[in-house]
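Student: Chains as they are written, first to last, in numbering that gives the first Met the number 0: chain D, 0 to 276; chain G, 0 to 312.
Heads up, the beta-carbon is just placed ideally off N, CA and C, and yes, glycines get one too.
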Amino acid sequence: MNIIKKKYPILLTYIVLIVVGAVFLLPFIWMVSTSLKPDTQLFISPPVWIPNPIAWGNYYHAVTVVPFFTYMKNTLIVASLATAGAVISTPLVGYSLARIKWKGRELLFIITLAVMMIPSQVTMVPLFIIFSKLNMVGTFLPLILPSCFGVPFFIFLMRQFFKQLPKDLEDAARIDGCSEFGIYFRIMFPLVQPAILTVALFQFMSSWNDFIGPLIYLNEEAKYTLQLGLQQFKQAYNTIWNQLMAASVLVALPIILLYFFVQKSFIQGITFGGVKG
Amino acid sequence: MFSAKITTSIWPRLVWKKRGVEGRRAKYGYIFALPWIIGLLLFYAYPLLSSIYYSFANYNVVSPAEWVGFNNYKELFNDPLFWTGIKNTFYYAFFAVPISVVLGVSLALLLNMPIRCRSFFRTVFFIPTLVPVVATAIIWQWLLNPQFGLINYLLETLGISGPPWFGSPKWSKPSLILMAQWGIGNSDIIYLAGLQDISKDYDDAARVDGASGLRKVWHITLPLLTPVIFFNMIMGIINALQVFTLPYALTYGTGNPANSLLFYSMYLYNNAFLYMKMGYASAMAWILFAVIMAITLLLFRSSGRWVYYHGDQ
Chain D
0 MNIIKKKYPI LLTYIVLIVV GAVFLLPFIW MVSTSLKPDT QLFISPPVWI
50 PNPIAWGNYY HAVTVVPFFT YMKNTLIVAS LATAGAVIST PLVGYSLARI
100 KWKGRELLFI ITLAVMMIPS QVTMVPLFII FSKLNMVGTF LPLILPSCFG
150 VPFFIFLMRQ FFKQLPKDLE DAARIDGCSE FGIYFRIMFP LVQPAILTVA
200 LFQFMSSWND FIGPLIYLNE EAKYTLQLGL QQFKQAYNTI WNQLMAASVL
250 VALPIILLYF FVQKSFIQGI TFGGVKG
Chain G
0 MFSAKITTSI WPRLVWKKRG VEGRRAKYGY IFALPWIIGL LLFYAYPLLS
50 SIYYSFANYN VVSPAEWVGF NNYKELFNDP LFWTGIKNTF YYAFFAVPIS
100 VVLGVSLALL LNMPIRCRSF FRTVFFIPTL VPVVATAIIW QWLLNPQFGL
150 INYLLETLGI SGPPWFGSPK WSKPSLILMA QWGIGNSDII YLAGLQDISK
200 DYDDAARVDG ASGLRKVWHI TLPLLTPVIF FNMIMGIINA LQVFTLPYAL
250 TYGTGNPANS LLFYSMYLYN NAFLYMKMGY ASAMAWILFA VIMAITLLLF
300 RSSGRWVYYH GDQ
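1. Put Ala56 of chain G into one of helix, strand or coil per three-state DSSP.
2. What is the C-beta distance between Thr244 of chain G and Ile211 of chain D, in whole angstroms, given that I count them as a contact (C-beta under 8 angstroms)?
3. Across which residues does DSSP place Glu65 of chain G in a beta bridge pair?
4. Under 9 angstroms between C-beta atoms, does Cys147 of chain D make it to chain G?
5. Starting from Glu220 of chain D, find everything on chain G with Cβ-Cβ shorter than 9 angstroms and list it in chain order.
6. Between Thr270 of chain D and chain G, is there a C-beta pair that is closer than 9 angstroms?
7. With distances taken between CB atoms, is the gap from Lys36 of chain D to Val22 of chain D smaller than 9 angstroms?
8. Give me the Cβ distance between Asn57 of chain D and Ala235 of chain D, rounded to the nearest whole Å; I'm assuming they're in contact under 8 angstroms.
9. Against Ser131 of chain D, what residues of chain G qualify as contacts under a CB-to-CB distance less than 9 angstroms, listed in chain order?
10. Output the residue ranges of the alpha helix (DSSP H) runs that lie fully inside the segment 75-126 of chain D and measure 4 residues or longer, sorted by chain position.
11. Can you tell me whether DSSP reads Asn238 of chain G as helix, strand or coil?
12. Using a Cβ cut-off of 9 angstroms (strictly closer), state whether Lys26 of chain G contacts chain D.
13. How close, in whole Å, do the beta carbons of Thr82 of chain D and Gln192 of chain D come, if the pair is a contact with beta carbons under 8 angstroms?
14. Just the Cα atoms here: how many angstroms apart are Ser49 of chain G and Ile137 of chain G?
15. Take Pro222 of chain G and list the residues in its own chain whose beta-carbon comes closer than 6 angstroms to its own, dropping the five residues that flank it on each side.
16. Please decide whether Pro131 of chain G counts as near chain D, where near means a Cβ-Cβ distance under 9 angstroms.
17. Could you spell out the range, first to last residue, of the alpha helix (DSSP H) harbouring Met135 of chain D?
18. Would you call Gln195 of chain G buried or exposed, if buried means 16 or more other Cβ atoms sit within 10 Å of its Cβ?
19. Along the chain, where does the alpha helix (DSSP H) containing Thr253 of chain G start, and where does it finish?
20. Does the Cβ-Cβ distance between Ile236 of chain G and Val101 of chain G come in under 9 angstroms?
21. Can you pull out the residues from the segment 13-24 of chain D whose beta carbon lies closer than 8 angstroms to at least one beta carbon of chain G?
22. By Cβ distance below 7 angstroms, which residues in the same chain neighbour Ala56 of chain G in space, the five residues on each side in sequence not counted?
23. So, for Ile5 of chain G: in the same chain, excluding its five sequence neighbours on each side, which residues have a beta-carbon less than 7 angstroms away from its beta-carbon?
24. Do Trp35 of chain G and Ser88 of chain D have their C-beta atoms within less than 9 angstroms of each other?
25. Contact defined as beta carbons within less than 8 angstroms: I believe Val278 of chain D pairs with Ala280 of chain G. What is the distance between those atoms, to the nearest angstrom?
26. Thinking just about the alpha-carbon of each residue, which of D:Leu256, D:Leu249 and D:Pro253 is nearest to the one in His60 of chain D?
27. Mapping the DSSP letters down to three states, classify Pro8 of chain D as helix, strand or coil.
28. So is Gly149 of chain D buried or exposed if we call it buried at 16+ other beta carbons inside 10 Å?
29. Report yes if the CB atom of Tyr70 of chain D is closer than 9 angstroms to the CB atom of Leu256 of chain D, and no otherwise.
30. For Arg115 of chain G, which three-state DSSP category applies?
31. For Ala54 of chain D, which of D:Ser32, D:Lys162 and D:Pro151 has the nearest alpha-carbon?
32. If I follow the unbroken alpha helix (DSSP H) through Arg304 of chain G, where does it start and stop?
33. What is the rounded straight-line gap between the Cα of Gly229 of chain G and the Cα of Leu177 of chain G?
34. Counting only beta-carbon separations shorter than 9 angstroms, does Glu21 of chain G have a partner in chain D?
35. With a threshold of 9 angstroms between beta-carbons, can Gly276 of chain D be considered close to chain G, or not?
36. Measure the CB-CB distance between Phe271 of chain D and Gln120 of chain D and report whether it falls below 9 angstroms.
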């Protein structure tokens, strides 16, 4: 009796999770299935789940009808440079806010938290005006430069990480005659690798997935990123669902693969700030 | 591992005698923070101030800005599309946020049960959040295609004749709200982390007192989870009020059918970068900012009544 009472909710949990999970997976399954269908099997009822024959050609078309690899190259340039910028700048600032005492430090920290509250719509227009006066509209620079000067959320994250390190470490290094830069680069920076990985991952992902940035700043097709290129593809070929799905799979896949490699950093980045805040 | 608590450290006062070292170090504090100080001035302070100015001016980037006082604001209040944007945005936030909170918490509670394959299920719910928005738009437009979509086919087999989804102004916003639930995995991970933070002592105490599963959830787990629910709710509302990419990708910025998907930020974007009305768009941005601040403040004020902070009296 007791066992039944105990097992019953668990069984119910499994059933609900499997049903809801199937609903969440359905769009993926349908996306992959559609991406492999020949044209003749797209609009038939009942729908075909496993295409026959499998039309691999859709993927070939998806990367040749539009300059897919140019988009990919552009996206990789933007995402990796923005990531490099964030990884260099934000630990420096986080370290300064966490471990060096200087006048105005607390104020800078409060401002850093406050600017996270500003909706991007407010600064979007003046930033465009600045970049257009600098003749940078149409280049990748407006998508890269801001992260090189620091990203508030990442600075906050890095500060919290640096704060947790024991002070003895730097004292010992100082006694050994290590310079302030030496303490930072040789002792502190290597100790916050997990946080740096999280910053790198989130910056890369946000650059990869960014839509409004490229939409505002990139105006010729040769400079388009994947997101913009995909939108262009969708607009031009809006009923060729199998090729559209193939392109979508190709755009989504790298990030999904990345997730499986660095799952822990993902979870850390998301839960930071949400819990215990 | 993480502690996001903002505390001012006390060690500077304790080691004040070592002012020599600390004094010398202060210089490096400025040097290390310099990129961000420049970034703040360049990418936040200056744009913020000039945005206030532009909101009182007519400016199209090509010809010089012209001061017009409150004209942009006055014009906005007489602009029917401005009100359409507000109405659509509130509609979206009003339904999408509560639905995602209820769904997210329920899912997290289920995932927190002593089950096998927890990380598998968590991955299933999380992966959709990794799909880029444009791809998400394409997938769902195909799934919800009124004629050939899978969803309407499945509904038909159940004897329900499916709605036209994005094809009709009546159904377009509910479709978008439905679609947005696919991306629930992000907040779900936060809920789950919050649940795993709740001490097992409460669980044991409840069992000793003979509380049953559901009563335990309602009287113990949920109240202890309220800070996390509150956080996700605030973030959800802020994001919903700024909703842009998904409806933009779906409609190429038009907001069709019949402007039913014209959200506030889309109209703002169109004003700035389609019609080059930079001043008008800036005025819209400040109204948005004010509304977001007001709602956030109201929620924080109400939080005392329903958010339980551990250890707070």
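Tutor: Here's the rundown:
1. By one-based count along the second sequence, residue 56 of chain G stands at place 57. Here Ala56 of chain G sits in strand by DSSP.
2. Residue numbering aside, residue 244 of chain G sits at position 245 when the second sequence is read from its first letter. Residue numbering aside, residue 211 of chain D sits at position 212 when the first sequence is read from its first letter. Contact between Thr244 of chain G and Ile211 of chain D is confirmed by a C-beta separation of about 6 angstroms, below the 8 angstroms threshold.
3. Position 66 of the second sequence, counting from 1, holds the residue named residue 65 of chain G. Beta-bridge partners assigned by DSSP to Glu65 of chain G: G:Asn57.
4. Along the first sequence, read from residue 1 onward, the residue named residue 147 of chain D stands at position 148. For Cys147 of chain D, the answer is yes, since a Cβ of chain G falls inside 9 angstroms of its Cβ.
5. In the first sequence, residue 220 of chain D corresponds to position 221, counting from 1. Neighbours of Glu220 of chain D on chain G: none; closest Cβ ~15 angstroms, over 9 angstroms.
6. Counting from 1 along the first sequence, the entry for residue 270 of chain D is found at position 271. Taking a beta-carbon distance threshold of 9 angstroms, Thr270 of chain D counts as an interface residue toward chain G.
7. Within the first sequence, numbered from 1, the residue matching residue 36 of chain D stands at position 37. Within the first sequence, numbered from 1, the residue matching residue 22 of chain D stands at position 23. Taking 9 angstroms as the cut-off, the beta carbon of Lys36 of chain D is found no closer than this to the beta carbon of Val22 of chain D.
8. For the purposes of this step, residue 57 of chain D is taken as the residue at position 58 of the first sequence. For the purposes of this step, residue 235 of chain D is taken as the residue at position 236 of the first sequence. Not really, about 16 angstroms apart at Cβ, beyond 8 angstroms.
9. Within the first sequence, the letter at position 132 stands for residue 131 of chain D. Under the 9 angstroms cutoff, chain G gives Val60.
10. Segments of the alpha helix (DSSP H) lying fully in the segment 75-126 of chain D: 104-114.
11. Position 239 of the second sequence holds residue 238 of chain G. Helix at Asn238 of chain G.
12. For the purposes of this step, residue 26 of chain G is identified with residue 27 of the second sequence, where counting begins at 1. Among the CB atoms of chain D, one or more fall inside 9 angstroms of the CB of Lys26 of chain G.
13. Taking the first sequence and counting its residues from 1, the one referred to as residue 82 of chain D is at position 83. Taking the first sequence and counting its residues from 1, the one referred to as residue 192 of chain D is at position 193. In this structure Thr82 of chain D does not touch Gln192 of chain D by the C-beta definition: roughly 15 angstroms separates them, more than the 8 angstroms allowed.
14. Reading the second sequence from its first residue, position 50 is the one you call residue 49 of chain G. Reading the second sequence from its first residue, position 138 is the one you call residue 137 of chain G. Between Ser49 of chain G and Ile137 of chain G, the C-alpha separation is close to 37 angstroms.
15. In the second sequence, the residue the question calls residue 222 of chain G occupies position 223. Spatial neighbours of Pro222 of chain G in its own chain (CB-CB distance under 6 angstroms, excluding positions within 5 residues in sequence) are listed in chain order as Tyr307.
16. Indexing the second sequence from 1 puts residue 131 of chain G at position 132. So yes, Pro131 of chain G belongs to the interface.
17. Along the first sequence, read from residue 1 onward, the residue named residue 135 of chain D stands at position 136. Segment: none, Met135 of chain D is in no alpha helix (DSSP H) and carries neither H nor E.
18. Working through the second sequence from its first residue, we reach residue 195 of chain G at position 196. Within a 10 Å sphere around the beta-carbon of Gln195 of chain G sit fewer than 16 other beta-carbons, which makes this residue exposed.
19. The residue you call residue 253 of chain G lines up with position 254 of the second sequence. That residue, Thr253 of chain G, is in no alpha helix (DSSP H); it is neither H nor E in DSSP.
20. Counting from 1 along the second sequence, the entry for residue 236 of chain G is found at position 237. Counting from 1 along the second sequence, the entry for residue 101 of chain G is found at position 102. No; because the gap between Cβ atoms is not below 9 angstroms, this pair is not in contact.
21. Those would be Tyr13, Val15, Leu16, Val19, Gly20, Phe23 and Leu24, in chain order.
22. Here residue 56 of chain G refers to the residue found at position 57 of the second sequence. These residues qualify, in order along the chain: Ala64, Glu65, Trp66, Val67 and Gly278.
23. Indexing the second sequence from 1 puts residue 5 of chain G at position 6. Bear in mind that the predicted position of Ile5 of chain G carries a pLDDT of just 46, short of 50, making it unreliable; the figure below should be weighed with that in mind. Listed in chain order, the non-local C-beta contacts of Ile5 of chain G below 7 angstroms within the same chain number zero, local neighbours out to five positions each way being set aside.
24. Position 36 of the second sequence holds residue 35 of chain G. Position 89 of the first sequence holds residue 88 of chain D. In this structure, Ser88 of chain D lies closer than 9 angstroms to Trp35 of chain G by Cβ.
25. Residue 278 of chain D lies beyond the residue range present for chain D, which begins at 0 and ends at 276; the question has no answer from this structure.
26. Position 61 of the first sequence holds residue 60 of chain D. It is D:Leu249.
27. Stepping through the first sequence from its first residue, residue 8 of chain D is reached at position 9. Looking at Pro8 of chain D - three-state DSSP - the assignment turns out to be helix.
28. The count along the first sequence starts at 1 and reaches residue 149 of chain D at position 150. With a threshold of 16 other beta carbon atoms within 10 Å, Gly149 of chain D meets it and is buried.
29. For the purposes of this step, residue 70 of chain D is identified with residue 71 of the first sequence, where counting begins at 1. For the purposes of this step, residue 256 of chain D is identified with residue 257 of the first sequence, where counting begins at 1. Not a contact, by the Cβ cut-off of 9 angstroms.
30. Residue numbering aside, residue 115 of chain G sits at position 116 when the second sequence is read from its first letter. In the structure shown, Arg115 of chain G sits in coil (DSSP, three-state: anything other than H, G, I, E or B).
31. As a position in the first sequence, residue 54 of chain D is number 55, starting the count at 1. Comparing Cα positions, the closest option is D:Ser32.
32. Mapped onto the second sequence, residue 304 of chain G falls at position 305. Unbroken alpha helix (DSSP H) run through Arg304 of chain G: Met277 to Trp305.
33. Along the second sequence, one-based indexing puts residue 229 of chain G at 230. Along the second sequence, one-based indexing puts residue 177 of chain G at 178. Correcting the residue identity first, residue 229 of chain G is Phe in this sequence and not Gly. The alpha-carbon separation between Phe229 of chain G and Leu177 of chain G amounts to approximately 22 angstroms.
34. Sequence index remark: in the second sequence, residue 21 of chain G carries index 22 (1-based). Closer than 9 angstroms to some Cβ of chain D, the Cβ of Glu21 of chain G qualifies, so yes.
35. Here the question's residue 276 of chain D lines up with position 277 in the first sequence. With a pLDDT of only 39 at Gly276 of chain D, under 50, the local geometry of the prediction cannot be trusted, and the value read off the model is given with reservation. Interface residue, yes.
36. Locating residue 271 of chain D in the first sequence gives position 272, counting from the first residue. Locating residue 120 of chain D in the first sequence gives position 121, counting from the first residue. With respect to Gln120 of chain D, Phe271 of chain D sits apart: the two C-beta atoms are not nearer than 9 angstroms.
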